[in-house]
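>
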Amino acid sequence: MANLQIPTAWNRIVVDAERFTSNVLRTGDIVLPPLRRAPGLPAELSGLMPSRDHNGDLLLAIERMSHCLPADRPVIGMFAADPFLRIDQLAGRLAQKGYRDVANLPSVTQYGIAFRPVLNGLNVGPAREFKALDQFAALGFAVSVSVAHIDDVAPALALAPAQLFVVPSFDLWCDGKLDPGGLLTLCGQVAEHRQRAASRAPIVLFAGHTGISPMQARNAGADGIVLD
Amino acid sequence: MAEARKRGEFLVGAAIGAGILGQAAEEGGADFVLALSAGRFRIMGAASVACMLPIRDSNQFVKQFASAELLSHCTVPVYFGASTLDPNLSVEALADEIAELGFAGIANFPTVGLYPAPMRAALDAVGIGFSKELALFAAAHARGLSSLAYVYTTDQARAAAALGVDIVCINFGWNAGGVKGLPSEISVEEAAAHSREMSRIVVRENPDAFFVLEGGPIKDPDQLATICRVAHIHGYIGGSTIDRLPLAESVAGQTQRFKSAAVLARVLSNEESDLVAFGKRIGLAGASRAMVHVYETIRRFSGSGETMLVSGEQGTGRQTTVEALHALSGGSPKTLAVVHAGETSGQQVMISLFGRSAVQGGGGLTGLAERDDIASIVLRGLEHIPLKVQARIAVYMERRRFTPIGGRRSLRWGKRLLFIADAPLETLIAEGRIDRGLAQQVEGNEIHLPSLRDRTEDIGELLDGAISRLTDDAPTKRPVLSPLAMRRLRRHDWPGNLPELRAFAAKLVSSHAGGRVDEDSVQRLMSGEAERGRRRVASERDIVLDALWRHGFHRGRTAAFLGISRKTLYNKIQFYHLTGRR
Chain Y
470 MANLQIPTAW
480 NRIVVDAERF
490 TSNVLRTGDI
500 VLPPLRRAPG
510 LPAELSGLMP
520 SRDHNGDLLL
530 AIERMSHCLP
540 ADRPVIGMFA
550 ADPFLRIDQL
560 AGRLAQKGYR
570 DVANLPSVTQ
580 YGIAFRPVLN
590 GLNVGPAREF
600 KALDQFAALG
610 FAVSVSVAHI
620 DDVAPALALA
630 PAQLFVVPSF
640 DLWCDGKLDP
650 GGLLTLCGQV
660 AEHRQRAASR
670 APIVLFAGHT
680 GISPMQARNA
690 GADGIVLD
Chain Z
58 MAEARKRGEF
68 LVGAAIGAGI
78 LGQAAEEGGA
88 DFVLALSAGR
98 FRIMGAASVA
108 CMLPIRDSNQ
118 FVKQFASAEL
128 LSHCTVPVYF
138 GASTLDPNLS
148 VEALADEIAE
158 LGFAGIANFP
168 TVGLYPAPMR
178 AALDAVGIGF
188 SKELALFAAA
198 HARGLSSLAY
208 VYTTDQARAA
218 AALGVDIVCI
228 NFGWNAGGVK
238 GLPSEISVEE
248 AAAHSREMSR
258 IVVRENPDAF
268 FVLEGGPIKD
278 PDQLATICRV
288 AHIHGYIGGS
298 TIDRLPLAES
308 VAGQTQRFKS
318 AAVLARVLSN
328 EESDLVAFGK
338 RIGLAGASRA
348 MVHVYETIRR
358 FSGSGETMLV
368 SGEQGTGRQT
378 TVEALHALSG
388 GSPKTLAVVH
398 AGETSGQQVM
408 ISLFGRSAVQ
418 GGGGLTGLAE
428 RDDIASIVLR
438 GLEHIPLKVQ
448 ARIAVYMERR
458 RFTPIGGRRS
468 LRWGKRLLFI
478 ADAPLETLIA
488 EGRIDRGLAQ
498 QVEGNEIHLP
508 SLRDRTEDIG
518 ELLDGAISRL
528 TDDAPTKRPV
538 LSPLAMRRLR
548 RHDWPGNLPE
558 LRAFAAKLVS
568 SHAGGRVDED
578 SVQRLMSGEA
588 ERGRRRVASE
598 RDIVLDALWR
608 HGFHRGRTAA
618 FLGISRKTLY
628 NKIQFYHLTG
638 RR
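These protein sequences, in sequence, are chains Y and Z.
Under this note's numbering, the residues of the first sequence are numbered 470 to 697, in order.
Under this note's numbering, the residues of the second sequence are numbered 58 to 639, in order.
See the structure below:
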């Protein structure tokens with residue numbers, strides 16, 4: 470009956486290190502450092518630009534974040550392909566504050582399929598991200614995996630993810646905007662794969678400002694949706 | 058720089074990320090320096106492509122190291138590698154800051170051009186594409202700063218030149234080569250074709266602009282020279298080619314030299330040097346600790362006449378060792394007999410060694426043990442001899458007497474037995490492949506030859522020896538291996554041991570006679586790939602490119618050669634993108 474329900478709304482929470490974050494983070498929150506958003510571009514795609522230090526800002530933000538309540542499971546978005554990422558350090562800081570959920574968000578898979586061989590060839594591609602998530606899982610974290618292409622679904626499911634985040638990539642850019650049809654198709658393909666793999670990981674669709682409605686997301690197999 | 062160009066000098070820019078590299082490049086004659094985030098990431102141990110990721114605020118990052126390390130140490134102009142990929146960035150404010158800090162100019166780096174086409178289109182649409190980079194150049198010009206535009210397409214080259222950019226650099230992508238390099242997407246020949254077309258466009262739009270190259274397949278000056286022969290270019294910018302590749306090579310090389318020095322000191326400080334000379338005399342080579350131990354054992358047993366076990370993998374020099382043991386006991390090569398146990402049955406081994414009596418039905422056979430002209434017998438493949446045959450040999454050896462097969466009379470045993478086995482005695486015993494009695498007889502009389510992977514410090518000397526033998530008549534044909542190439546060889550497993558090394562030396566001499574051999578070349582030779590630079594002419598694209606090369610890119614002559622019209626040739630050049638990336 471789950472597919473008849475309206476998808477759960479997830480919240481993107483941007484935590485700024487400059488300001489004190491008094492709100493307690495809850496299940497259904499996705500926590501990111503400031504993304505320097507470009508007008509007209511989805512937040513996670515804006516976050517891929519080399520104008521910010523995602524993990525550095527995240528570490529600073531964690532210092533400002535309140536302790537996570539035991540019953541809550543907000544997901545922390547890290548840039549997992551960072552060649553300078555110290556997994557032990559980040560995991561330690563998160564664990565100290567009671568956070569147990571991480572995701573590769575934004576993800577290098579969002580750059581698009583053509584950039585993938587370059588990134589993988591130089592060890593800063595999706596393979597590195599999946600390896601980093603695997604290391605977090607080994608440390609006892611629940612991992613949510615971002616997928617921007619159908620090729621990413623199998624390795625994502627192999628990590629036994631807590632959630633599958635269906636995120637847009639630049640490949641879906643068409644006629645000056647993000648193609649909602651392409652994003653929904655990808656979501657449907659991910660749902661099919663999940664079913665074949667007998668996985669129960671909820672699918673969360675990052676719909677951004679594509680105009681995708683919660684009902685459309687549900688019809689494409691999403692269990693949750695992130696709107697702007 | 059303008060004066061240098063008037064004098065017809067070739068400009069060289071160093072795209073780097075640390076003060077010491079700026080100083081070194083300037084000392085080498087660099088005309089300008091580019092402070093790029095990619096250069097800094099390389100020094101930090103990451104690949105250049107890290108500059109495209111959200112791991113640093115690019116402009117802040119460059120500002121920090123370039124102000125402190127480059128502006129204070131370099132006297133040549135320093136360009137600031139500025140990114141306009143920050144949606145909140147004001148190009149006017151950034152240009153102000155760069156001018157105030159004292160930089161001579163601005164380069165658009167990291168640039169949108171390095172991203173794939175769909176991403177470039179998206180960034181253009183939201184206002185942080187190439188047009189914003191052009192706006193930054195305009196702001197730079199307004200402040201009296203020089204400009205350097207990285208371009209990837211003909212449209213970008215045209216737009217940059219039309220704006221009055223001082224230096225237009227066609228970038229062929231991430232540099233090939235080394236451990237943090239990718240195979241280039243295009244060949245040197247293709248790069249030359251693109252350069253030729255792009256330089257025409259740039260000069261047409263702005264005759265005063267410098268047209269320079271960077272990246273992709275250009276790894277060394279020879280490859281750059283190949284392009285210069287075809288395209289009219291004013292200079293070159295080196296990034297990885299100026300820092301990562303030579304730095305990694307020289308640091309690794311120097312480290313290895315220190316390691317080698319320690320090995321040599323060890324040999325020379327002891328009587329081991331005497332043993333190494335002894336090893337050479339008997340046909341073995343290498344000064345490693347393992348080989349010195351081998352020489353010591355051989356010398357200890359020389360002249361003893363005792364039964365010996367020579368163990369080791371195939372190709373480690375076992376035959377040379379048994380021949381040496383025999384010779385050192387005063388035997389001539391003619392008095393050494395070899396029985397290949399691996400290629401025959403246990404019964405045949407017995408007959409070969411001890412003979413067969415005529416009463417068995419057939420004619421009698423005299424065994425090696427009975428022959429007066431034989432002094433030592435080599436039994437190759439001890440582990441292949443059935444255990445009961447081994448036990449019989451052990452009994453004969455102990456009693457110093459033997460009986461031919463089918464015979465009744467026992468004869469005196471006076472020969473020396475030299476066994477060859479693939480594994481050391483300890484392993485043979487543990488795996489039950491040697492008779493206990495025989496094992497006792499050879500215990501303490503073993504010479505174990507190390508495999509090549511267990512004495513990697515000898516590889517240089519062994520390879521030198523093999524190459525010298527192959528190039529005896531022409532020493533100038535000897536290839537010179539870089540330290541990283543040697544490191545690659547030391548990391549190889551060498552399952553075929555010395556014969557494999559000799560075969561590799563032969564390949565090296567035939568493919569790189571008199572040339573320098575880098576790590577990539579070794580990798581290719583190891584994996585059996587085709588020789589570098591050998592162009593395959595297969596597809597129509599290759600044929601057209603090849604024909605253009607043959608005719609110095611003269612379209613009329615190329616068209617005539619191919620038997621097509623100039624128009625058709627033009628269409629094919631466009632179709633196959635031989636004029637630059639779209």
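All C-beta atoms in this analysis are idealised placements derived from N, C-alpha and C, irrespective of residue type, glycine included.
All figures in this text were calculated on a predicted structure; none of them were measured in a lab.
Can you name the residues that DSSP bridges to Arg573 of chain Z?
Translated into the one-based positions of the second sequence, residue 573 of chain Z becomes position 516. For Arg573 of chain Z, which the question treats as bridged, DSSP gives the partners Z:Val537.
> Name, in chain order, the residues that DSSP records as bridge partners for Thr460 of chain Z.
Residue numbering aside, residue 460 of chain Z sits at position 403 when the second sequence is read from its first letter. Its beta-bridge partners do not exist; DSSP assigns none.
> Can you confirm whether the region 108–124 of chain Z touches the region 180–189 of chain Z when touching is taken to mean that 3 or more C-beta pairs between the two stretches lie within less than 8 Å?
No, because fewer than three Cβ pairs between the region 180–189 of chain Z and the region 108–124 of chain Z fall closer than 8 Å, the two stretches do not touch.
> For the 8 Å Cβ check, are there 3 or more pairs between the region 545–559 of chain Z and the region 509–520 of chain Z?
Yes: the two stretches touch, three or more of their Cβ pairs being nearer than 8 Å.
> For Ile100 of chain Z and chain Y, any beta-carbon pair shorter than 8 Å?
Start at 1 with the first residue of the second sequence, and residue 100 of chain Z comes out as number 43. No, Ile100 of chain Z does not count as interfacial toward chain Y.
> Span of the beta strand (DSSP E) holding Gln632 of chain Y?
Mapped onto the first sequence, residue 632 of chain Y falls at position 163. That run of the beta strand (DSSP E) goes 632–635.
> Would you mind stating whether Ser386 of chain Z and Arg473 of chain Z have Cβ atoms separated by less than 8 Å?
As a position in the second sequence, residue 386 of chain Z is number 329, starting the count at 1. As a position in the second sequence, residue 473 of chain Z is number 416, starting the count at 1. A contact, by the Cβ cut-off of 8 Å.
> Keeping to the same chain, check which residues put their C-beta closer than 6 Å to that of Leu702 of chain Y; ignore five residues upstream and five downstream.
Residue 702 of chain Y lies beyond the residue range present for chain Y, which begins at 470 and ends at 697; the question has no answer from this structure.
> May I have the straight-line CA-CA distance separating Gln280 of chain Z from Val245 of chain Z, to the nearest angstrom?
By one-based count along the second sequence, residue 280 of chain Z stands at place 223. By one-based count along the second sequence, residue 245 of chain Z stands at place 188. Rounded to the nearest angstrom, the two C-alpha atoms are 7 Å apart.
> Ignoring anything shorter than 3 residues, give me the beta strand (DSSP E) runs that lie fully in the region 416–450 of chain Z, in order along the chain.
Segments of the beta strand (DSSP E) lying fully in the region 416–450 of chain Z: 433–437.
> Rounded to whole angstroms, how far is the Cβ of Ile290 of chain Z from the Cβ of Ser256 of chain Z, which I believe are closer than 8 Å?
Residue mapping note: residue 290 of chain Z aligns to position 233 of the second sequence, counting from 1. Residue mapping note: residue 256 of chain Z aligns to position 199 of the second sequence, counting from 1. With 8 Å as the limit, Ile290 of chain Z and Ser256 of chain Z qualify as a contact, their Cβ atoms being about 6 Å apart.
> How long is the line joining the alpha carbons of Val577 of chain Y and Pro595 of chain Y, rounded to whole angstroms?
In the first sequence, the residue the question calls residue 577 of chain Y occupies position 108. In the first sequence, the residue the question calls residue 595 of chain Y occupies position 126. Roughly 6 Å separates the two Cα atoms.
> Can you pull the chain Z residues whose beta carbon is under 9 Å from the beta carbon of Gly516 of chain Y, in chain order?
By 1-based counting over the first sequence, the position of residue 516 of chain Y is 47. Pro111, listed in chain order.
> Would a C-beta distance cut-off of 8 Å place Leu425 of chain Z and Ile431 of chain Z closer than the cut-off?
Position 368 of the second sequence holds residue 425 of chain Z. Position 374 of the second sequence holds residue 431 of chain Z. Yes, Cβ-Cβ distance for Leu425 of chain Z and Ile431 of chain Z is below 8 Å.
> Look at Ala670 of chain Y and Leu641 of chain Y and say whether their C-beta atoms are less than 8 Å apart.
Along the first sequence, read from residue 1 onward, the residue named residue 670 of chain Y stands at position 201. Along the first sequence, read from residue 1 onward, the residue named residue 641 of chain Y stands at position 172. No, the Cβ-Cβ distance between Ala670 of chain Y and Leu641 of chain Y is not below 8 Å.
> Taking DSSP as the reference, what is the three-state secondary structure of Trp479 of chain Y?
Taking the first residue of the first sequence as position 1, residue 479 of chain Y is located at position 10. Of the three classes helix, strand and coil, the one that applies to Trp479 of chain Y here is strand, per DSSP.
> To the nearest angstrom, how far is the alpha carbon of Gly590 of chain Y from that of Val259 of chain Z?
In the first sequence, counting from the first residue as 1, residue 590 of chain Y sits at position 121. In the second sequence, counting from the first residue as 1, residue 259 of chain Z sits at position 202. Roughly 33 Å between the two C-alpha positions.
> Taking only beta-carbon atoms, is Thr679 of chain Y less than 8 Å away from chain Z?
Within the first sequence, numbered from 1, the residue matching residue 679 of chain Y stands at position 210. No - not a single Cβ of chain Z is within 8 Å of the one on Thr679 of chain Y.
> Name the DSSP bridge partner or partners of Lys646 of chain Y?
Sequence index remark: in the first sequence, residue 646 of chain Y carries index 177 (1-based). DSSP, once it has assigned bridges, lists Y:Cys643 as partnering Lys646 of chain Y.
> What is the residue span of the alpha helix (DSSP H) that Arg521 of chain Y lies within?
In the first sequence, the residue the question calls residue 521 of chain Y occupies position 52. Run containing Arg521 of chain Y: none in the alpha helix (DSSP H); it sits in the beta strand (DSSP E), 520–522.
> Is there contact between the region 609–617 of chain Y and the region 636–653 of chain Y, where contact requires at least three CB pairs shorter than 8 Å?
At 8 Å Cβ cutoff, the stretches touch.
> Would you call the CB atoms of Gly221 of chain Z and His198 of chain Z closer than 8 Å?
Position 164 of the second sequence, counting from 1, holds the residue named residue 221 of chain Z. Position 141 of the second sequence, counting from 1, holds the residue named residue 198 of chain Z. Yes. Within cutoff.
> Please indicate yes or no: does the CB of Gly292 of chain Z lie closer than 7 Å to some heavy atom of the ligand ADP?
As for the ligand ADP, it is missing from this structure, which has no ligand bound.
> Between Z:Gly464, Z:Pro552, Z:Gly86, Z:Ala542, which lies nearest to Arg581 of chain Z when the distance is taken from Cα to Cα?
Here residue 581 of chain Z refers to the residue found at position 524 of the second sequence. Closest option to Arg581 of chain Z, Cα to Cα, is Z:Ala542.
> CA-CA distance, Gly571 of chain Z and Phe561 of chain Z?
In the second sequence, residue 571 of chain Z corresponds to position 514, counting from 1. In the second sequence, residue 561 of chain Z corresponds to position 504, counting from 1. Between Gly571 of chain Z and Phe561 of chain Z, the C-alpha separation is close to 16 Å.
> With DSSP as the reference, label His505 of chain Z as helix, strand or coil.
Taking the second sequence and counting its residues from 1, one reaches residue 505 of chain Z at position 448. Strand at His505 of chain Z.
> Quick one, are the C-beta atoms of Ile42 of chain Z and Ala248 of chain Z less than 8 Å apart?
Any question about residue 42 of chain Z goes unanswered here, given that chain Z covers just 58 to 639.
> Where do the N-terminal and C-terminal ends of the beta strand (DSSP E) with Arg612 of chain Z fall, by residue?
Numbered from its first residue, the second sequence carries residue 612 of chain Z at position 555. Arg612 of chain Z -> not in any beta strand (DSSP E); alpha helix (DSSP H) instead, spanning 612–619.
> Taking only the alpha-carbon atoms, compute the straight-line gap between Gln405 of chain Z and Glu380 of chain Z and give it to the nearest angstrom.
Taking the second sequence and counting its residues from 1, the one referred to as residue 405 of chain Z is at position 348. Taking the second sequence and counting its residues from 1, the one referred to as residue 380 of chain Z is at position 323. Distance between the alpha carbons of Gln405 of chain Z and Glu380 of chain Z: 23 Å.
> Report the partner residues of Val673 of chain Y according to the DSSP bridge assignment.
For the purposes of this step, residue 673 of chain Y is taken as residue 204 along the first sequence, with counting starting at 1. DSSP output for Val673 of chain Y lists Y:Phe634, Y:Gly693 as bridge partner(s).
> Look up Asn228 of chain Z in the DSSP assignment and give the residues it is bridged to.
Counting from 1 along the second sequence, the entry for residue 228 of chain Z is found at position 171. Partner(s): Z:Glu271.
> In chain order, what residues of the same chain have a beta carbon less than 8 Å from the beta carbon of Gly567 of chain Y, not counting five sequence neighbours either side?
By 1-based counting over the first sequence, the position of residue 567 of chain Y is 98. Only His536, Cys537, Leu538, Pro539 meet the Cβ criterion.
> Phe584 of chain Y touches chain Z at which residues, Cβ-Cβ below 8 Å?
Position 115 of the first sequence, counted from the start, is the residue given in the question as residue 584 of chain Y. Under the 8 Å cutoff, chain Z gives Tyr172, Pro173, Met176.
> Leu517 of chain Y to Ile672 of chain Y, Cα distance in whole Å?
Locating residue 517 of chain Y in the first sequence gives position 48, counting from the first residue. Locating residue 672 of chain Y in the first sequence gives position 203, counting from the first residue. Roughly 22 Å between the two C-alpha positions.
> With DSSP run on the structure shown, which of helix, strand or coil describes Met454 of chain Z?
As a first step, residue 454 of chain Z must be located in the second sequence, where it is residue number 397. Residue state, collapsed to three classes: helix.
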